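There are 2 protein chains.
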Amino acid sequence: MFAALADPTRRQLLDQLASEGPLTATALAARYPMSRQAVVKHLTALAAAGLLVGERQGREVRYQVVGGGLGQAATWLSEVGDRWDQRLDALQRRFKDSSGP
Amino acid sequence: MFAALADPTRRQLLDQLASEGPLTATALAARYPMSRQAVVKHLTALAAAGLLVGERQGREVRYQVVGGGLGQAATWLSEVGDRWDQRLDALQRRFKDSSGP
DNA sequence: CGGATGTGCAACCCTGTAGTTGCACTGAAT
DNA sequence: ATTCAGTGCAACTACAGGGTTGCACATCCG
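Structural data, given as structure tokens:
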């Protein structure tokens, strides 16, 4: 899932879909200097990571962002951040204790 | 930077450093089924992404987490999330308007 | 000093994957 | 029915990156 976010193109794709709403692979490919299939691969990767869903409408497929997906990443980030903050706090407390009045 | 977080090993490494405090590359390598150099490469990648710093003490180098680094990732996530939420809100409003009482 | 321990650098496989091209299939329009 | 736009699948190339090994350099301890 972080692997899906690792590629800059995929982040851009996600960004565009988030701000412009559902689009088709062909429409997106027109905005990037790469082939349609390349874009499709990226979209598939993002969908596999649970960040997108593709909905078929006639002969086209509109991809749109799934809101909850990013939450997991955010959760992990804050967990590690918290652990590190706890260590920082502990160090600061110990420092205060040993140098206190 | 997301690329740095993409590898599971690197996330584990970050995790351990966040919860156990500064460690050397050799000490970390002892806990992983890979060579020391492999671990060093990961640590270097994390340091290049601004998530770690290595501090030399005599002949060893202790790596420790840099708190602010994760903030950037969190910021990006929340930005994209917000944009998507805005679109959702706009859609819901429009839907309410067109089907309202 | 000499040996042990920890680090740094470089060259080298090997797998994964981003990107391409080509072709077949399906839905819509004339 | 024919044509056109959009999609899907598969084979192929090429490059990045994870991992290894080998050796040289620095530092601590006897």
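Chains as they are written, first to last, in our numbering: chain H, 1 to 101; chain L, 102 to 202.
Just so you know, even glycine gets a beta-carbon here, dropped at the ideal spot from N, CA and C.
In this text, all values refer to a predicted model and were calculated from it rather than measured experimentally.
- Below the 8 Å Cβ cutoff, chain H contributes no neighbours of S136 of chain L, its closest Cβ being approximately 23 Å away.
- Residues of chain H with a Cβ closer than 8 Å to the Cβ of D116 of chain L are, in chain order, V80, R83.
- For V166 of chain L, the chain H residues whose Cβ falls inside 7 Å of its Cβ are W84, in order along the chain.
- If you draw a straight line from the Cα of A131 of chain L to the Cα of E161 of chain L, it is about 15 Å long.
- Here DSSP, grouped into helix, strand and coil, assigns R87 of chain H to helix.
- Boundaries cannot be given for V167 of chain L, as no alpha helix (DSSP H) includes it and DSSP labels it neither H nor E.
- Within chain L, the residues whose beta carbon sits less than 7 Å from that of G21 of chain H are R188, listed in sequence order.
- Boundaries of the alpha helix (DSSP H) harbouring R112 of chain L: 109–121, taken from the DSSP string.
- Around L46 of chain H, no beta-carbon contact reaches into chain L at under 8 Å, the shortest distance being about 12 Å.
- The distance from the Cβ of L46 of chain H to that of R87 of chain H is about 34 Å, inconsistent with a contact at the 8 Å cut-off.
- Non-local C-beta neighbours of H42 of chain H in its own chain, meaning closer than 8 Å and more than five positions away in sequence, comprise D7, T9, R10, L13, ordered along the chain.
- Boundaries for L147 of chain L: no beta strand (DSSP E) harbours it, while the alpha helix (DSSP H) harbouring it runs 137–149, taken from the DSSP string.
- What A73 of chain H touches in chain L, judged by beta-carbon distance under 7 Å, is L178, going in chain order.
- Taking R137 of chain L as the centre and dropping the five residues before and after it, the same chain places the C-beta of A126, T127, A130 closer than 7 Å to its C-beta, in chain order.
- Counting of Cβ neighbours within 10 angstroms places G182 of chain L among the buried residues, the total reaching 16 or more.
- Contact of A38 of chain H with chain L by beta-carbon distance below 8 Å is absent, the smallest such distance being about 18 Å.
- Among the bridge pairs identified by DSSP, L153 of chain L is matched with L:V166.
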